[in-house]
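Asks:
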Amino acid sequence: MKNIIAFAGSNSSTSINKQLVTYASHLVEDASVTVLDLNDFEMPIYSADRDINTGFPKEAIDFVAHIKNADGIIISLAEHNGAYSSAFKNVFDWASRVEPKTFFNKPILLMATSPGARGGQSVLQMALDRFPRHDGNIVGQFSLPSFGDNFSEGKITNAELQDQLLIALEEFTKHL
Ligand SMILES: Cc1cc2nc3c(=O)[nH]c(=O)nc-3n(C[C@H](O)[C@H](O)[C@H](O)COP(=O)(O)O)c2cc1C
Numbered sequence: 201m202k203n204i205i206a207f208a209g210s211n212s213s214t215s216i217n218k219q220l221v222t223y224a225s226h227l228v229e230d231a232s233v234t235v236l237d238l239n240d241f242e243m244p245i246y247s248a249d250r251d252i253n254t255g256f257p258k259e260a261i262d263f264v265a266h267i268k269n270a271d272g273i274i275i276s277l278a279e280h281n282g283a284y285s286s287a288f289k290n291v292f293d294w295a296s297r298v299e300p301k302t303f304f305n306k307p308i309l310l311m312a313t314s315p316g317a318r319g320g321q322s323v324l325q326m327a328l329d330r331f332p333r334h335d336g337n338i339v340g341q342f343s344l345p346s347f348g349d350n351f352s353e354g355k356i357t358n359a360e361l362q363d364q365l366l367i368a369l370e371e372f373t374k375h376l
């Protein structure tokens, strides 16, 4: 059985991206899914001084180990001011210091959602550009616009968007 890790790029206890990534990851058949929570990887803000003086936090090493041990990764990024949330950026910065090839060439389904009509397209584009530079093998992408209109009771309610997600998941599954 394949091991999938899934996480949202958010530390909100009511994260819409966590709701989406939880839903999407459990649609993958015959896979063991672990949904990570960025709150379990909260670390001091990355600084070059901390890096030199205290080394890598255990949480950063653990996060990289989760990626290394996975067969595939499903991520849904929260968009803050057109970019990563601070919570995700901090984990990413520390993780990239632990291992510059942070994603170990694992297949990634990259998603984003937001309450707005653009569905986190800016942060999605940012990660599409950046993750491959850290050996991120992005094999599918999906953006869910207007979360409040298109997601309810743990599911996508818009049939067209649901079909788009299933196509992206099929491609992801082929690469596991
Ligand atoms: C500081 C801040 C900046 C935000 N900037 C954006 C933005 O640029 N684009 C957007 O679509 N939503 C933006 N939002 C709204 C977030 O998409 C919304 O809070 C969403 O719930 C975040 O995802 P999460 O629930 O998974 O944390 C912003 C929210 C905050 C708090």
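Counted from 1, the sequence shown has number 257 at position 57 by our numbering; the numbering is strictly sequential.
Built from N, CA and C at the ideal position, the CB exists for glycine as well.
Since we're looking at a predicted model, the values are computed, not measured.
Assuming P345 and A368 make a contact with CB atoms under 8 Å, what is their CB distance in whole Å?
Replies: Not really, about 15 Å apart at Cβ, beyond 8 Å.
Asks: Would you kindly work out how many angstroms separate the C-alpha atoms of N211 and Q219, rounded to a whole number?
Replies: So the alpha carbons of these two residues sit roughly 12 Å apart.
Asks: Hey, does A287 have any beta-carbon neighbour from chain B nearer than 8 Å?
Replies: Among the protein chains of the structure shown there is no chain B, as only one such chain exists.
Asks: What are the boundary residues of the alpha helix (DSSP H) that includes V339?
Replies: No alpha helix (DSSP H) holds V339; the beta strand (DSSP E) holding it covers 337 to 344.
Asks: Under 6 Å Cβ to Cβ from G340, same chain only, skipping five residues before and after it: list those, please.
Replies: Here the set comprises L309, A368, E371, F372.
Asks: Per the contact definition of three or more C-beta pairs closer than 8 Å, is the segment 256 to 274 in contact with the segment 284 to 297?
Replies: The answer is yes - the segment 256 to 274 touches the segment 284 to 297, with three or more Cβ pairs under 8 Å.
Asks: If I'm right that G255 touches H375 with Cβ under 8 Å, what's the distance once you round it to whole angstroms?
Replies: The pair is not a contact, with the Cβ atoms about 34 Å apart (cut-off 8 Å).
Asks: Would you say L365 and G320 are within 8 Å of each other, going by their C-beta atoms?
Replies: Cβ atoms of L365 and G320: not closer than 8 Å.
Asks: Starting from the C-beta of M243, find all residues in its chain whose C-beta is less than 8 Å away, skip the five residues before and the five after it, and write them out in chain order.
Replies: Cβ within range, chain order: P257, E259, A260, N290, V291, W294.
Asks: Count the other C-beta atoms from every protein chain shown that fall within 10 angstroms of the C-beta of I252, then say buried if there are 16 or more, exposed otherwise.
Replies: Exposed: under 16 other Cβ atoms inside 10 Å.
Asks: Taking the alpha helix (DSSP H) that V298 falls in, what are its first and last residues?
Replies: V298 -> alpha helix (DSSP H) spans 286 to 298.
Asks: Classify P315 as buried or exposed, calling it buried when 16 or more other Cβ atoms lie within 10 Å of its own Cβ.
Replies: Exposed, since its Cβ has fewer than 16 Cβ neighbours within 10 Å.
Asks: Is the distance from the Cβ of F241 to the Cβ of I267 below 8 Å?
Replies: Not a contact, by the Cβ cut-off of 8 Å.
Asks: What number of angstroms, rounded off, separates the C-alpha of A270 from the C-alpha of I205?
Replies: Roughly 6 Å between the two C-alpha positions.
Asks: To the nearest whole angstrom, what separates the beta carbons of L328 and A312, a pair I think is in contact under 8 Å?
Replies: Actually they are not in contact, since the Cβ atoms of L328 and A312 sit about 10 Å apart, beyond 8 Å.
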